[in-house]
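Report on the following structure.
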DNA sequence: GCGGTTGCTGAAAGCGGTTACGTCTATCCT
DNA sequence: AGGATAGACGTAACCGCTTTCAGCAACCGC
């Protein structure tokens, strides 16, 4: 009862073998006699021994830890990524550090640097605002990084995301097929590729249906409830429309809020479709038609990629696109 | 350009001193001559040296890492805790491991055990379902644990939470003061102290207003949209009411969904008040009246407590109650 | 009977830091 | 002048594990 936890030496002494043998037995490396193995197991359970992973990490250079670096976990889409990551990580005995940056670039850099010092095996990033060169610097120093959802402009960082353009096309086509022609778009935050891709898909679909393009139908938002709300108010004031495609579900919430506030009803007066298919999309009033993003699979794929990268395998393919899917609920209907 | 990262030996050699001096200089322990210090700083920045925290942890026995263990980060309330934790943790140079259990007790134990092996400095737990004895075992072995939001039945684990009873009273009093007397309650998951406290506060308020108690006005939910939806459907079928207090905002969403589905309107036909004040509560249709829970402060306090505990200070007070606050929006109105 | 495997194990050198202890000046006091 | 003290630094042990290398049986084929 020394108070402090037993070490591999205690186990070795009790089992009457050397620490090398204990280590081998516990890791399944090398060959060990059945009798020895049993003695070690007995000693382990008698002492309640558990290897100190810190010590192990020091020599193996692997911490069995990855990090997730993103602006804000309160964003439900980011939160949805976690279970996919967790599942893959846990399967390989790894744990996940969560680092939220609040969108502050200095904080991103501070974290990246801290993570490097902590010898994490790799980091998953999403929604970063740091210049890609700075991120590439870390990659160059040997820190594996993979990007999910939102791209950064760097060829050295693999990316796993949904096909945003196709998703936006799906959403817009759905509205078109209901008979809408005055279809607005509340875009995402300006300057992001993801926003551009969704705008692009929206325009593609309109063009394919030979619907004239009207710039007063597009408002810039910010991927937030607030942004959607403001943008929709602007849209309602500046144009007439019977349907809106919001860049994501969060802004769709704000959009519906603005619509209700203006005395209009969803979907009677204006149809709304979102993007992401957050858990809560099924429980808005009315339940939201939206483009499903396979967050779980995205996260899984990205994590697997990262773990592979950390293990030294190099990944052949930089870009991994997953397919979106339209989920029709009650926020869309034919125009009045 | 050896490829691998510089160690303290490299710095020592370049600065012409011993590793002990470098260590002291870098940690500010012991006294070192200004000239030496300058030489070391120069060597550090020339080499781009960054201490290996793993090696440091091995000897200091502190990993500067805490863990957050909870069922599911996709629950926005849990997510809201993260920034408070992060803020305090980062201030002390610590990072946070996120461990989600999906409510599976084996997984909780697996994680706790893994975290112990990883030598984390402490763990923050919320919403665990593991028997309190099992958790106390870890505490006894020297793993600092503090509980936030939801209690576990163990005197060895400090708890930081909002005053749930008072919060529920606030919500119910608000409805009473609007003139409601048929006030329903969609409770939280059964068997949890947090659910009982909120039911208790609801009953207290009714009793204080001398409103007769009607068991058909209380339905059991589960703190989820789905649970709120089902419970509200049952309530609407079994009883007549003009207002509902939902055990949390998520179930309030489900409640509003069920109300809308039944052809009634919020708040015209039935008023709804929630609990938590999630970010999205301001953007539901209609915006939700709810009890604000100071998640950021709860998280901060709990983290500070944990860090203190890890530093060996013992905390005098086990229970830390914070004050709730009513936020009135548009989901409540006087009865028709 | 002998060199060559095969199976199992131990001694010891790290991994990259921290820190107790000792040493050596320079300064200070009486 | 002599001893005490403080300042600045080096030596080396150690944190708890992994892993190379070598050793020693017992076995094989010939």
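Chains as they are written, first to last, in my numbering: chain A, 245 to 580; chain B, 245 to 580.
Glycine included, each C-beta is placed from N, C-alpha and C at the ideal position.
Next on the checklist: Check for me: the alpha helix (DSSP H) holding residue 413 of chain B runs from which residue to which?
Outcome noted: As a working mapping, residue 413 of chain B is identified with position 169 in the second chain. First-last of the alpha helix (DSSP H) with residue 413 of chain B: 408-421.
Checklist entry - Start and end of the alpha helix (DSSP H) containing residue 379 of chain B? => result Taking the first residue of the second chain as 1, we reach residue 379 of chain B at position 135. Looking at the DSSP string, the run of the alpha helix (DSSP H) that includes residue 379 of chain B is 376-384.
Item to check | Other residues of its chain near residue 276 of chain B: CB distance less than 7 Å, five sequence neighbours each side excluded | outcome: Position 32 of the second chain, counted from the first residue, corresponds to residue 276 of chain B. 265, 268 and 269, listed in sequence order.
Item to check | Inter-residue spacing [alpha-carbon to alpha-carbon] between residue 302 of chain B and residue 315 of chain A | outcome: For the purposes of this step, residue 302 of chain B is identified with residue 58 of the second chain, where counting begins at 1. For the purposes of this step, residue 315 of chain A is identified with residue 71 of the first chain, where counting begins at 1. If you take the alpha carbons of residue 302 of chain B and residue 315 of chain A, they lie about 31 Å apart.
Item to check | Cutoff 7 Å: residue 294 of chain B Cβ touching any chain A Cβ | outcome: Within the second chain, numbered from 1, the residue matching residue 294 of chain B stands at position 50. Answer yes: the Cβ-Cβ gap between residue 294 of chain B and chain A drops below 7 Å somewhere.
Item to check | Cβ-Cβ distance between residue 475 of chain B and residue 445 of chain B below 7 Å | outcome: Translated into positions along the second chain, residue 475 of chain B becomes position 231. Translated into positions along the second chain, residue 445 of chain B becomes position 201. No. Outside cutoff.
Next on the checklist: Let me make sure I understand the geometry here. Which of B:397, B:530 and B:561 has the alpha-carbon closest to that of residue 545 of chain B?
Outcome noted: Residue mapping note: residue 545 of chain B aligns to position 301 of the second chain, counting from 1. Among B:397, B:530 and B:561, the Cα nearest to that of residue 545 of chain B belongs to B:561.
Item to check | Where residue 501 of chain B falls: helix, strand or coil (DSSP) | outcome: The count along the second chain starts at 1 and reaches residue 501 of chain B at position 257. It is helical.
Item to check | Within chain A, the residues that residue 340 of chain B reaches when beta carbons sit closer than 7 Å | outcome: Indexing the second chain from 1 puts residue 340 of chain B at position 96. Under the 7 Å cutoff, chain A gives 341 and 342.
Checklist entry - For residue 320 of chain B, which residues in chain A fall below 9 Å Cβ to Cβ? => result As a working mapping, residue 320 of chain B is identified with position 76 in the second chain. Correct list: 318, 320, 323 and 524.
Checklist entry - Between the stretch 379-410 of chain A and chain B, which residues of the former have CB atoms less than 9 Å from a CB of the latter, in chain order? => result 385 and 386
Next on the checklist: Taking the alpha helix (DSSP H) that residue 350 of chain A belongs to, which residues open and close that run?
Outcome noted: Position 106 of the first chain, counted from the start, is the residue given in the question as residue 350 of chain A. 349-361 is the extent of the alpha helix (DSSP H) around residue 350 of chain A.
Next on the checklist: Going by DSSP in three states, residue 583 of chain B sits in which element: helix, strand or coil?
Outcome noted: Residue 583 of chain B lies beyond the range of chain B shown here (245 to 580); nothing can be said about it.
Next on the checklist: List, from N- to C-terminal side, the alpha helix (DSSP H) runs of 4 residues or more that fit wholly inside the stretch 501-574 of chain A.
Outcome noted: 539-554
Checklist entry - Does the pairing of the stretch 360-370 of chain A with the stretch 385-402 of chain A give three or more beta-carbon distances under 8 Å? => result yes
Next on the checklist: Would you say residue 476 of chain A lies against chain B (beta-carbon separation less than 7 Å)?
Outcome noted: Your numbering for residue 476 of chain A matches position 232 in the first chain. It does not: the Cβ of residue 476 of chain A has no partner Cβ on chain B nearer than 7 Å.
Checklist entry - Should residue 330 of chain B be labelled buried (16 or more other beta-carbon atoms within 10 Å of its own) or exposed? => result Sequence index remark: in the second chain, residue 330 of chain B carries index 86 (1-based). Buried: at least 16 other Cβ atoms inside 10 Å.
Next on the checklist: Mapping the DSSP letters down to three states, classify residue 321 of chain A as helix, strand or coil.
Outcome noted: If you number the first chain from 1, residue 321 of chain A lands on position 77. If DSSP states are grouped into helix, strand and coil, residue 321 of chain A belongs with the helices.
Checklist entry - What does residue 297 of chain B touch in chain A if you count any residue whose Cβ is under 9 Å from its own? => result Position 53 of the second chain, counting from 1, holds the residue named residue 297 of chain B. Within 9 Å Cβ-Cβ: 358, 361, 362 and 363.
Checklist entry - Would residue 415 of chain A pass as a contact of residue 514 of chain A if the rule is Cβ separation under 7 Å? => result Your numbering for residue 415 of chain A matches position 171 in the first chain. Your numbering for residue 514 of chain A matches position 270 in the first chain. Cβ atoms of residue 415 of chain A and residue 514 of chain A: not closer than 7 Å.
Checklist entry - Does the ligand NAD have even one heavy atom less than 6 Å from the beta-carbon of residue 534 of chain A? => result As far as ligands go, the structure on display features none, and thus does not contain the ligand NAD.
Checklist entry - In three-state terms, what does DSSP make of residue 344 of chain B? => result Along the second chain, read from residue 1 onward, the residue named residue 344 of chain B stands at position 100. Residue 344 of chain B: strand per DSSP, three-state reduction.
Checklist entry - Interface residues of chain A around residue 366 of chain B at Cβ under 9 Å? => result The residue you call residue 366 of chain B lines up with position 122 of the second chain. By Cβ distance, chain A contributes nothing, its closest Cβ being about 15 Å from residue 366 of chain B, past 9 Å.
Item to check | Closer than 9 Å at the beta carbon, the chain B residues around residue 567 of chain A | outcome: Within the first chain, residue 567 of chain A is the residue found at index 323, counting from 1. Within chain B, no residue comes near residue 567 of chain A; the closest Cβ sits about 22 Å away, beyond 9 Å.
Item to check | Proximity of residue 539 of chain B and residue 318 of chain B at Cβ, strictly below 7 Å | outcome: Here residue 539 of chain B corresponds to residue number 295 of the second chain, with the count starting at 1. Here residue 318 of chain B corresponds to residue number 74 of the second chain, with the count starting at 1. Going by C-beta atoms, residue 539 of chain B is not nearer than 7 Å to residue 318 of chain B.
Checklist entry - Does the beta-carbon distance from residue 579 of chain A to residue 423 of chain A come in below 7 Å? => result As a first step, residue 579 of chain A must be located in the first chain, where it is residue number 335. As a first step, residue 423 of chain A must be located in the first chain, where it is residue number 179. Yes, these two residues count as a Cβ contact at 7 Å.
Checklist entry - Do the stretch 514-524 of chain A and the stretch 452-470 of chain A make contact, defined as three or more Cβ pairs closer than 8 Å? => result no
Item to check | CA-to-CA distance, residue 400 of chain A to residue 558 of chain A, given in whole angstroms | outcome: Taking the first chain and counting its residues from 1, the one referred to as residue 558 of chain A is at position 314. Taking the first chain and counting its residues from 1, the one referred to as residue 400 of chain A is at position 156. Residue 558 of chain A and residue 400 of chain A: Cα-Cα distance of roughly 11 Å.
Checklist entry - Using DSSP with H/G/I as helix, E/B as strand and the rest coil, what is residue 487 of chain A? => result In the first chain, the residue the question calls residue 487 of chain A occupies position 243. It is a strand residue.
Item to check | CB contact flag (residue 391 of chain B, residue 403 of chain B, <7 Å) | outcome: For the purposes of this step, residue 391 of chain B is taken as the residue at position 147 of the second chain. For the purposes of this step, residue 403 of chain B is taken as the residue at position 159 of the second chain. A contact, by the Cβ cut-off of 7 Å.
Checklist entry - Going by other Cβ atoms of all chains shown within 10 Å of its Cβ, with 16 needed for buried, is residue 304 of chain B buried or exposed? => result Start at 1 with the first residue of the second chain, and residue 304 of chain B comes out as number 60. Residue 304 of chain B should be labelled exposed.
Next on the checklist: Determine whether the beta carbon atoms of residue 258 of chain B and residue 287 of chain B lie at a separation below 7 Å.
Outcome noted: What you label residue 258 of chain B is simply residue 14 of the second chain in a count that begins at 1. What you label residue 287 of chain B is simply residue 43 of the second chain in a count that begins at 1. Result yes, Cβ atoms of residue 258 of chain B and residue 287 of chain B sit closer than 7 Å.
Next on the checklist: Here's the rule: buried if 16 or more other CB atoms are within 10 angstroms of the residue's CB, otherwise exposed. What is residue 521 of chain A?
Outcome noted: As a working mapping, residue 521 of chain A is identified with position 277 in the first chain. Label assigned to residue 521 of chain A: buried.
Next on the checklist: For residue 490 of chain A, tell me which candidate among A:255, A:430, A:354 and A:293 has the shortest Cα-Cα distance.
Outcome noted: By 1-based counting over the first chain, the position of residue 490 of chain A is 246. Closest by alpha carbon: A:430.
Item to check | Under 7 Å (Cβ pairs) to chain A, residues found in the stretch 480-505 of chain B | outcome: 497, 498, 500, 501 and 504
Item to check | residue 429 of chain A - partner residues in DSSP beta bridges | outcome: Walking along the first chain from the start, residue 429 of chain A turns up at place 185. According to DSSP, which records beta bridges pairwise, residue 429 of chain A is partnered with A:462 and A:489.
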